[in-house]
Amino acid sequence: DLTGDWSSDVCSSDLALIINSKGILNYFFSYFHDALTFFLLLIFLVYIIKGKKILKYEFMILICFLLFIIIGVISNFHSNVQPIGYALSDIFICSRFIIGYFGVVAICRNKISKTFLFDHFNNTCKITSVILFILTVHEYTFPPFFKQVDFRYFAYSNILFFPHPTYLAAACIILICVLVVSINYDKHNIYYIILLCIVSILTFRIKAIGFVLVLFLLYFIIILLDKKFKVIFYVLSLVSVMYIGINQLQAYFFTNNFSPRLIMLKDSIKLA
Numbered sequence: 173d174l175t176g177d178w179s180s181d182v183c184s185s186d187l188a189l190i191i192n193s194k195g196i197l198n199y200f201f202s203y204f205h206d207a208l209t210f211f212l213l214l215i216f217l218v219y220i221i222k223g224k225k226i227l228k229y230e231f232m233i234l235i236c237f238l239l240f241i242i243i244g245v246i247s248n249f250h251s252n253v254q255p256i257g258y259a260l261s262d263i264f265i266c267s268r269f270i271i272g273y274f275g276v277v278a279i280c281r282n283k284i285s286k287t288f289l290f291d292h293f294n295n296t297c298k299i300t301s302v303i304l305f306i307l308t309v310h311e312y313t314f315p316p317f318f319k320q321v322d323f324r325y326f327a328y329s330n331i332l333f334f335p336h337p338t339y340l341a342a343a344c345i346i347l348i349c350v351l352v353v354s355i356n357y358d359k360h361n362i363y364y365i366i367l368l369c370i371v372s373i374l375t376f377r378i379k380a381i382g383f384v385l386v387l388f389l390l391y392f393i394i395i396l397l398d399k400k401f402k403v404i405f406y407v408l409s410l411v412s413v414m415y416i417g418i419n420q421l422q423a424y425f426f427t428n429n430f431s432p433r434l435i436m437l438k439d440s441i442k443l444a
């Protein structure tokens, strides 16, 4: 781990050994997103200095996030649990998503058309969704091309050529998001979204299954349901989520006293 303080006894040969052991590409990409985040932060700061305006809800997001950071800093100085260097590192890590959002806003606002994703990526996402679905069908109906991992529920988790099922689920979700954004320009996108949802569900990652459920709940609520049915739908949705999630809650918090999630929750309450 190259984070933290450098001491005088770390020489170039040590660095070369570390890079070679991890692989140059792995080493590069493990720190590339940090450099990209810092670059986006600079772009946003320049955007604000030039007097560019952000939307009202974005301003509220910034205020809430700054309060979050301030509370964390005050807590760190008060408790003195960890050195300030680690606290600053945590601030940066926790800020990645917010910085990424506002950096992209600074780059794209009023410069990219609403049909940009549709024009450049919609067809690619459709083709990719078909390929991933066909490979998934092959994995479960014929001798598989790829390794089988993590037997859950009634089958092995779908992994295809990814190193972990979570990565396949993440890739599907990104493709789904592009297709959803472009669905007003191509109604047939819904069929490709369904294909990707099937692939995502078969990874048997709870977060992927949850994403698919939320996606279709929002679709039904916003597009298909009249107002008088929405309250009933909310109740049924809540019951469904509890039914799906109850086993995970029991496994993580009620059946194992040494569950990492349970320990972290208890410690977080004490620290807070």
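Each residue of the sequence shown is one higher than the last, beginning at 173 in this note's numbering. The beta carbon of each residue, even a glycine, is placed where N, CA and C say it ideally should be. Predicted, not measured: the structure shown is a model, and the values here were computed from it.
Could you spell out where the alpha helix (DSSP H) holding residue i opens and where it closes?
i, result
"residue 237", "228–251"
"residue 288", "288–313"
"residue 354", "Here residue 354 belongs to no alpha helix (DSSP H), and DSSP marks it neither H nor E."
"residue 433", "432–443"
"residue 224", "Per DSSP, residue 224 belongs to no alpha helix (DSSP H) and is neither H nor E."
"residue 363", "361–373"
"residue 269", "256–280"
"residue 379", "378–391"
Label residue i either buried or exposed according to how many other C-beta atoms from any shown protein chain fall within 10 Å of its C-beta, with 16 as the threshold for buried.
i, result
"residue 331", "buried"
"residue 351", "buried"
"residue 128", "Residue 128 lies beyond the range of the chain shown here (173 to 444); nothing can be said about it."
"residue 348", "buried"
"residue 270", "buried"
"residue 311", "buried"
"residue 294", "buried"
"residue 305", "buried"
"residue 435", "exposed"
"residue 308", "buried"
"residue 365", "buried"
"residue 236", "exposed"
"residue 380", "buried"
With DSSP collapsed to three states, give me the class of residue i.
i, result
"residue 327", "strand"
"residue 426", "helix"
Assuming the contact rule is C-beta atoms closer than 8 Å, residue i and residue j should be a hit. Round their C-beta distance to whole Å, please.
i, j, result
"residue 353", "residue 372", "Rounded, the Cβ-Cβ distance is 17 Å, inconsistent with contact."
"residue 337", "residue 376", "7 Å"
"residue 272", "residue 215", "Between residue 215 and residue 272 the Cβ distance is about 11 Å, and since that is not below 8 Å, they are no contact."
"residue 357", "residue 290", "5 Å"
"residue 256", "residue 244", "About 12 Å; that fails the 8 Å criterion."
"residue 378", "residue 420", "6 Å"
"residue 367", "residue 302", "7 Å"
"residue 409", "residue 387", "Contact doesn't hold; Cβ gap of about 12 Å is too wide."
- Three CB pairs or more closer than 8 Å across the stretch 361–374 and the stretch 294–303: yes
- Message: Between the stretch 204–223 and the stretch 278–293, can you find at least three pairs of beta-carbon atoms closer than 8 Å?
- Response: yes
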